[in-house]
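Peer 1: Numbers 28 to 1254, taken from our numbering, label the letters of the sequence shown in order. Idealized CB from N, CA, C, for every residue including glycine.
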Amino acid sequence: MPRSWNVFIGKDPRTVTGPAIVFFPVQDTLCCCGLAGFVCIRRAEAHLDMRITDRIARAVDTVCAGGVSALIAGKIPKQSYLGPESLHTIGEEVSRIKRDTDLQHALGCGRSLLRLTELSERLKTFVDSEDAALEKEARRYGSGDLEAMTSSLVALKDITWTLREDIIRNYERILGLAGEMMYEDSGYYGRFQKINACLNALDRLEVRGRDSAGLQVMVQFEKAGSMQSLRHALAQQGLLESFMARCRPSDLMNGSIHLSGTVLTFTYKTAQVTGKLGENTAKLRRYISEDAVLKETLAHRCSTETFLTHTRWASVGAINEINCHPVNSHTVDIPPGEENGIPAVMKEYPFYGKGAWTISAVLNGDIDNHHVLRGAIGEGGVSASPDVTTDTKTIPLMVEHYLYQGHDLKESFRRAVCDFEGSHAVAMGSNMEPGKVFLAQKGSGQTIYVGLLDDGYMFASEVYGLVEETRRFVKMDGETPRVPGDPATLGQLFILHDDRGPGLGGIEAMSYDGHPLILGDRDVSFAQITTRDIDRGEHPHFLIKEILDAPSSIRKTLRGKYFISEGRGVVFNLDEGVVDGRTREDLRQGRIRNIFVVGQGTAAVAAAAVAEAMAVYLRTAPVRVHARKSSDLSGFLLDDDMSDTIVIAITQSGTTTDTNRAVSMARLRGARLIAIVNRRQSDITTKVDGVFYTSDGRDIEMSVASTKAFYSQIVAGYVLALFFAQLLKTMPDEAIARDIETLEDAPDLMMRVIRGRDAIRKSAWNLVRRKQYWAVVGSGINKVASDEVRIKLSELCYKTISSDVIEDKKHIDLSSEPLILVCAAGSPEIVIDDIVKDVAIFKAHAATVVVITDEGEDRFDGISDAVVRVPRAGFPLSVIFNTLAGHLWGYYAACSLDELASTMKGFRTSLAEITRGHQSREYTVYESIADRELHRAIDTYAAEFKRWRARGELASMSNEVASDIALLFKYAKGKLPVEDFWMEFEDRRVSSSPIDMLDLTLKRAVDELSRPVDAIRHQAKTVTVGTSRKTETPRGPVFEVFGELGFTPESIRAKDVLTLKKLQSAIDRVNGYTLYEVEGLDEDGMPTEDSTLAIVKRMGSATGMTSRYDRPAPLKGTKNTIVRTRKVYAGTGRSDDASIVIIPIQGPRRIITHLLLLQVDFDERIGTEQKKDVMGVKTNDLMNLINEYNIPWKDAYLEGLAVKFLLGEDVEVIKNRIFEQIGNPAE
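1. When the Cα atoms are used, what is the spatial distance from residue 545 to residue 532?
2. Using the rule of at least 16 other Cβ atoms within 10 Å of the residue's Cβ for burial, across every protein chain shown, is residue 93 buried or exposed?
3. Please name the residue in 796, 292 and 1078 whose C-alpha comes closest to that of residue 979.
4. Spatial neighbours of residue 1238 within its chain, please: CB distance less than 7 Å, with the 5 preceding and 5 following residues excluded, ordered by chain position.
5. Among the residues of its own chain, which have a CB less than 6 Å from the CB of residue 334, if the five just before and after it don't count?
6. Considering Cα atoms alone, identify which of 617, 1078, 184 and 687 is closest to residue 755.
7. Could you say which of 247, 973, 745 and 299 lies nearest to residue 348 if we only look at CA atoms?
8. Along the chain, where does the beta strand (DSSP E) containing residue 1255 start, and where does it finish?
9. I need the straight-line Cα distance from residue 988 to residue 1105, nearest angstrom please.
10. Just to confirm my understanding: we take residue 1009, look at its own chain, exclude 5 residues before and 5 after, and list those with CB closer than 8 Å. What are they?
11. Report the rounded CA-to-CA distance for residue 160 versus residue 168, giving the unit in angstroms.
12. Once DSSP output is grouped into helix, strand and coil, what is the label at residue 1008?
13. On the DSSP letters alone, give me the boundaries of the alpha helix (DSSP H) that residue 159 sits inside.
14. Go ahead and label residue 1130 buried or exposed: buried means 16 or more other beta carbons lie within 10 angstroms of its beta carbon, across all protein chains shown.
15. Enumerate in chain order the residues of its own chain whose CB-to-CB distance from residue 1059 is below 6 Å, with the five nearest sequence positions on each side excluded.
16. Cα separation between residue 811 and residue 760?
17. Starting from residue 878, trace the alpha helix (DSSP H) both ways and give me its first and last residue.
18. Can you round the beta-carbon distance between residue 458 and residue 385 to whole angstroms, since I take them to be within the 8 Å contact cut?
19. Just confirm the distance between the C-beta atoms of residue 501 and residue 522, as a whole number of angstroms; I'd bet it's less than 8 Å.
20. I need the DSSP call for residue 545, collapsed to helix, strand or coil.
21. Find the nearest neighbour of residue 964 within the set 322, 940, 157 and 329, judged by alpha-carbon distance.
22. Report back the beta-carbon spacing between residue 1041 and residue 730 to the nearest angstrom; my notes put them in contact at under 8 Å.
23. Look up residue 1057 in the DSSP assignment and say whether it is helix, strand or coil.
24. Are the CB atoms of residue 710 and residue 607 within a distance shorter than 8 Å?
25. Please give the ranges of any alpha helix (DSSP H) in the segment 299–373, keeping only runs that are unbroken, at least 4 residues long and fully inside the region.
26. Please report the distance separating the alpha-carbon of residue 568 from that of residue 291.
27. For the alpha helix (DSSP H) containing residue 932, name the first residue and the last one.
28. Whole angstroms are fine: how far does the CA of residue 885 sit from the CA of residue 924?
29. How many angstroms separate the CA atom of residue 578 from the CA atom of residue 773?
30. Residue 57 to residue 449, Cα distance in whole Å?
31. What number of angstroms, rounded off, separates the C-alpha of residue 664 from the C-alpha of residue 906?
32. So residue 816 and residue 913 are supposed to be a Cβ contact under 8 Å. How far apart are they, rounded?
33. Using a Cβ-Cβ cut-off of 6 Å (strictly less than) and excluding sequence neighbours within five positions of residue 1248, which residues of its own chain qualify?
34. May I have the straight-line CA-CA distance separating residue 786 from residue 879, to the nearest angstrom?
35. Just how far apart, CA to CA, sit residue 916 and residue 81?
36. Please report how far the alpha carbon of residue 1234 lies from the alpha carbon of residue 1202, in whole angstroms.
So, in structure tokens, the structure goes:
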């Protein structure tokens, strides 16, 4: 039988049912916030070896005596370069200092730190001079020897950086935080070292978002008397009153302190809409360094220490302190009291008893259903402050919801995250279990890496957030279901314990369904980057830093690869590690007929540039050169016998799946294989016959958009092509020498382009705001540059951009009046004449044209909107210069658009501050609209917004959003009647206030314009966290009936949605249903004597049954109660003892219009834990009722009781049945 398949276009594969084919699959991926933290493990004191500086000093002497000058003088053999054993010794000893805070403290208290500083300066001086010496003398050594020497020098650079920056510089930072007191106690020093590590991580994670940041420190005193000692010390210093004030229960603010027993939690926060990288962390450092209460607290011995930090890119909730993470479980429904004379809110959870309990959480990603969850919690009587509008607040509230049901913290956390819809990464801590941090991750776009240290665990949302402390880590996997095809097993939870480590033993792992996961060595990865690689310096973004590093990368790529003699002969220094002997011989003997240059993404464009040059250099040889994507080679171009083929694979990381697969498949068919790659020991290096390393073999790119690697790949390919030309004798040595010298000029010429970047910024800044549609064009080899610039513009500016041949463009889409970037530099004179004509045609069709051309070329000045000039250079460097200018132009284009978003974010925050004031004064909508402060704020921003629109600078914003903002300004100021707003925005508004709708629309505008540059969100990824989505009907038998009847979750209360989702787990099947129509309710939706009920539809087992409601009859009994209370009923029918569920359904005015009665079979096989879950709050009521008789609660009491009995009877009846089973305590 032929099998039926579902076909979907543009769908998330996780949401479709199989078997299915999905064209253009979409997966939401979110790149916005950053989280990090630390859990310190308990460990015994170790012996401190203070002779470590002597060993480092001796090893430094050996290393510095083993440089290039010693090699030239014949004092050492090549294998002794930099004294490998001594180099290893320095690395090990420096690593030991970095890992051991007690050792750091001891070294800092004496002269050892000064000695280490002197050694680090000596190493830095030596490394700089050695780098220059190796550059100068590289031709003396074979490429294999040179590669080994470069690798050793890179290792020395890493060690020197670690000593200078990760140890000595951090010691200075820790001193700035802790003060002179740190010299007195290693434990005190260690606690501030962890705070400093978290702040450093925050600095690095800020590239993901930086409008607010927070840090929390939780410690537990080792001795019970320490709290009294602390209060006494604070009183002596005059700080006790301030301490008590900071302990007042509230949502977390900057400086908040929470105290319960011997556990203290300090929170620091800052929020600002715009600001430079590092400003938030600098503020937090200042707050902490000035906090005398924290310093006095951390001077006491602590048994547990945990730290939590977060940097935010706000989308759900205003940018302010109260929404800044972490947020806690504070609610306003319980009046504050005291615990041991300290202000506290006392809460009682069945598992933990009564205490001043608190839960703190941070979130990356989004909780799509946070409104539903918070609504349900509110209907249950738990009231959170309306000032806290971030979806993160849902986390502690939902955890607390399950704590009230009697679960422990682990199970409550698991159940809470299972309720969350959307991609998320969560970190949570609580004073209920102070030595633990709870982590959860589900979906794509969010990650959590858990670093393994000798003294604890450091976790972060990016590897670069933890590499300063450790390079060993475990990555949580929230994308792969534990059981394939079962979405209930998707997502992972880690619990980090302070008393089980170090290593994997302290990580308790499970999937979202609660199934334990066993971690092993296979789960531990090793980071390939260090803090040296991720140092951004003074640059605002990694991308611009990496573009500026590009000339240096090219110099390192060319280093020692050739030698040009005085007679213009070229000697290539590419040994068998680059091109093996068999490949060389096959080329010489004519056995090679095909050369494929392959890559994926940007590497594929580099491959095209290399193939263009190689085809020119080898044009007289019987060899065909092809540029292909790796996926095309493996999918369409493989022959059974490829022994006549060389495959040159280009990849930045060496781990690109498509490229590595193509290489493996070509190898099986006998092809010769060469890799052009940036990373040593990467996967591809084990699959090929030779490796040509770009730069120094470890030139890391932190920005998602690859730049400097692209240039180095092209140059490496050009050198390889010239080497092949020499082997095949297709070019004379003089021509090869000329082209080699041209490549040598590239770094200096690139610096000329870079020095002119301000002119490039000006050419892009305003033009990019005025056009919705963009294109990049180039002719000949410059079409390669066009393709690469198109990729970067698409990545940076989130636009679908075409790349076309210049001469074709006039025939394609000029009707869209696009912005066209023309890559014309280096074009031959005959081609330039044609390009000038084409540019004139573009302008005639109302396009905006920016031309990249040679210095001295002025024919484009009068016919284009902007001209970017680069050094005049022909084939093959024109590709590099056009691309470099295009990369810079794209960077500034993204910055320009992002500036618009930042301005809108600023106004949105001002608006939020004003409306918060309105809420505190309990303004009505009409009072808010009449507020003069609001009018002034709107007038200021509306004038700027009007100027933008008048100049056409909002082309990247949708017309709908721009029009809505202009209209909502008028509604928010009362220029138009609010009643008109209710009608005009009836289907879209979130409340009766146009100010709320203005806030939501501004959020959409920010989403459309934000361009975070380094953290790129690709084509199918959502724009920011918290993007509004259409609510989907929950799945399951109950909601299937809902769908059949045309109802949606909005037809029932938010609380009832959660109730029904839980209830479904106890329903074996739905046998039938009866739908009733309710009429005759009063204006408030309450039953009256005239209210009636009538059956409008029956299905299944309900068909054919007789009822007094076959025709309209008075609304009476249980059904009257359900309409009046608006609560779901589950239990038994009063007349026939059948198992039923009755659901009240509301209409547009939130008045009950229907009742849906389901006839069901309850699943009596479920266990007691699930029965408790299904009973909900009734479980707590039952527990409390039985406890009143001084009888301890046991879950076993529920074992013999039917589900429909537990759901249908009140707690008094259930209690009596339990007493019948165990014996009545009153007898």
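Peer 2: Inspection of the coordinates gives the following:
1. 10 Å
2. buried
3. 796
4. 1205, 1208, 1209 and 1212
5. 64, 65, 221, 225 and 244
6. 617
7. 299
8. What the structure shows of the chain is the stretch from 28 to 1254, and residue 1255 is not part of that stretch, so it cannot be assessed.
9. 40 Å
10. 1016 and 1019
11. 13 Å
12. helix
13. 139–164
14. exposed
15. Because the pLDDT at residue 1059 is just 41, under 50, the model does not fix this residue reliably, and the value given afterwards should be weighed accordingly. Hits under 6 Å: none found.
16. 27 Å
17. No alpha helix (DSSP H) contains residue 878, which is instead part of the beta strand (DSSP E) from 875–881.
18. 6 Å
19. Between residue 522 and residue 501 the Cβ distance is about 13 Å, and since that is not below 8 Å, they are no contact.
20. coil
21. 940
22. 5 Å
23. Low confidence applies to residue 1057: its pLDDT is 32, below 50, so where it sits in the model is not reliable, and the reading given next is rough at best. Residue 1057: coil per DSSP, three-state reduction.
24. no
25. 306–316 and 319–325
26. 37 Å
27. 905–947
28. 29 Å
29. 7 Å
30. Bear in mind that a pLDDT of 37 at residue 57, under 50, signals an unreliable position, so the number given afterwards is only what the model happens to contain. For residue 57 and residue 449, the distance between alpha carbons rounds to 10 Å.
31. 27 Å
32. 3 Å
33. none
34. 12 Å
35. 52 Å
36. 6 Å
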